[in-house]
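>
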Amino acid sequence: MKFEIIRETDWISRHHTEIEGFRKKADFDNHYFASPWLQVWFKRQIPSTAPVLLIVRDQQDLLVGFWPFVERPGILGSKGLWPYVYDEANYFHPICLQSAITELVTGLQSLLGEFLFCWIPLMKDSFWHHFSNARIKNGKYL
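Read in order, the letters of the sequence shown are residues 366 to 507 in our numbering.
#1: Report the residue from I371, E468, E479, D490 whose alpha carbon sits nearest the alpha carbon of D423.
#2: May I ask you to report which of helix, strand or coil DSSP gives P412?
#3: In this structure, does DSSP put F368 in helix, strand or coil?
#4: For S400, does the count of other Cβ atoms within 10 angstroms reach 16, so buried, or fall short, so exposed?
#5: Compare the Cα-Cα distances from F368 to each of K389, D394, L419, N395 and report the closest residue.
#6: Does DSSP put E479 in a helix, in a strand, or in coil?
#7: Nearest-angstrom Cα distance between F387 and G442?
#8: Assign T374 to one of two classes, buried (16 or more other C-beta atoms within 10 Å of its C-beta) or exposed (fewer than that).
Quick look at the structure:
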């Protein structure tokens with residue numbers, strides 16, 4: 366598995382077909398992270414909005430994990446990560462195969478040096494309890 370951080374504003378539109386094709390076979394899908402929804406939402410954001418896309422690819426370079434965030438300013442000059450569509454969605458778990466979850470969560474955790482916090486307000490219980498909870502509970506950030 367290969368973890369990547371993508372910060373290109375047009376990556377989602379350029380990979381629309383790949384994302385939508387992957388959603389059909391993902392163990393965890395999130396219709397709020399469908400490519401058309403993300404593109405429309407991003408166009409409504411202020412021009413300085415910076416995407417931080419967490420991507421995992423398998424050995425064949427196929428997409429197996431996708432978790433889109435944006436950088437947001439925090440207090441006293443800090444910055445945080447907020448999920449795409451944070452003001453509209455009802456949950457924020459990634460689109461992924463189960464095999465990519467560890468890479469996504471570890472990759473997200475690695476960004477906590479660059480970002481003061483990552484705000485993920487709602488997540489499906491099935492994702493949280495089976496995969497993220499143990500990793501976060503044993504971490505130093507919660």
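For each residue, glycine too, the CB sits at the ideal point set by N, CA and C. Since the model is a prediction, treat every value here as computed from it, not as a measurement.
Inspection of the coordinates gives the following:
#1: Locating residue 423 in the sequence shown gives position 58, where the first residue counts as 1. Residue E468 is the option with its Cα nearest to D423.
#2: If you number the sequence shown from 1, residue 412 lands on position 47. Three-state DSSP puts P412 in coil, outside helix and strand.
#3: As a first step, residue 368 is located in the sequence shown; it is residue number 3 there, counting from the start. The answer is strand: DSSP assigns F368 an E or B state.
#4: Mapped onto the sequence shown, residue 400 falls at position 35. Burial call: buried.
#5: Here residue 368 is taken as the residue at index 3 of the sequence shown, counted from 1. Per the Cα distances, L419.
#6: Start at 1 with the first residue of the sequence shown, and residue 479 comes out as number 114. E479 falls in the coil class under three-state DSSP.
#7: The sequence position of residue 387 within the sequence shown is 22, counting from 1. The sequence position of residue 442 within the sequence shown is 77, counting from 1. Using only the alpha carbons, I get a separation of about 37 Å.
#8: Here the question's residue 374 lines up with position 9 in the sequence shown. By the 10 Å Cβ count, T374 comes out exposed.
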